[in-house]
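Numbering (my numbering), first residue to last: 204 to 338.
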C-alpha cells in the first residue's frame with residue numbers, strides 16, 4: 204500500500220511539473236524531468252517505454268509493486284501531457300504521435316480492465332483520437 208501511495212505522489216508531482224512547462228516550448232526539460240523520475244522510481248525511461256510494444260509497455264509498468272489502475276492512469280496522463288507539449292513544437296509530429304498513442308493505449312486498457320468509469324478519461328481518449336486523426 205505504501206509503494207502505491209509513493210508512486211502516486213511521484214507521478215502526480217511529475218505531471219504537475221510537466222503541465223507547468225506547457226506552452227513554454229520546453230519539451231526537452233519536460234522529458235528530462237520525466238526521465239529522472241521514471242528512472243529513479245521505475246528503473247525505466249521514456250525512450251525505453253517508447254521502444255517497447257505498447258502491450259509490453261503496460262506489462263512492464265504493471266510489474267512495479269506500486270502500479271495499480273490509478274497509477275497506470277497517471278502514467279497515461281503523463282504521456283498525454285508530454286504529447287501536448289511536444290505537439291506545440293515544430294517538426295515534432297512523429298514524437299507527439301508516439302506519446303499520444305501510448306497514452307491512448309493505456310487509457311483503453313484501463314477502460315477495458317478497470318471497474319471505474321471516468322468522464323475525464325473518456326474525454327482524453329476522444330481528444331487523442333481526434334489529434335491523431337488530424338496528423
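A virtual CB, placed ideally from N, CA and C, is assigned to each residue, including glycine. Keep in mind that this is a model prediction, so the values were computed, not measured.
Kindly indicate which residue of the options has the alpha-carbon position closest to the one of residue i.
i, options, result
"residue 301", "321, 328, 317 and 282", "282"
"residue 337", "241, 228, 290 and 268", "290"
"residue 295", "230, 226, 319 and 304", "230"
"residue 244", "233, 303 and 214", "214"
"residue 257", "328, 218, 305 and 329", "305"
"residue 275", "250, 288, 241 and 299", "241"
"residue 209", "253, 222, 268 and 287", "268"
"residue 334", "287, 325, 314 and 315", "287"
Can you grab the Cα-Cα spacing for the pair residue i / residue j, in whole Å?
i, j, result
"residue 317", "residue 323", "14 Å"
"residue 320", "residue 220", "27 Å"
"residue 207", "residue 225", "27 Å"
"residue 255", "residue 277", "19 Å"
"residue 270", "residue 246", "13 Å"
"residue 236", "residue 217", "7 Å"
Once you ignore the five residues that flank residue i on each side, which residues in its own chain have a CB closer than 6 Å to its CB?
i, result
"residue 238", "248 and 249"
"residue 222", "284"
"residue 328", "310"
Less than 8 Å between C-beta atoms, sequence neighbours within five positions excluded: which residues of the same chain meet that for residue i?
i, result
"residue 261", "275, 308, 309 and 312"
"residue 325", "314"
Item to check | In chain order, each alpha helix (DSSP H) run of at least 4 residues that lies wholly inside the region 229–275 | outcome: Here the runs fully enclosed are 230–245, 249–254 and 257–265.
Checklist entry - Would the region 308–325 and the region 277–295 be scored as touching if the rule is three or more Cβ pairs under 8 Å? => result With three or more CB-CB distances shorter than 8 Å, the region 308–325 counts as touching the region 277–295.
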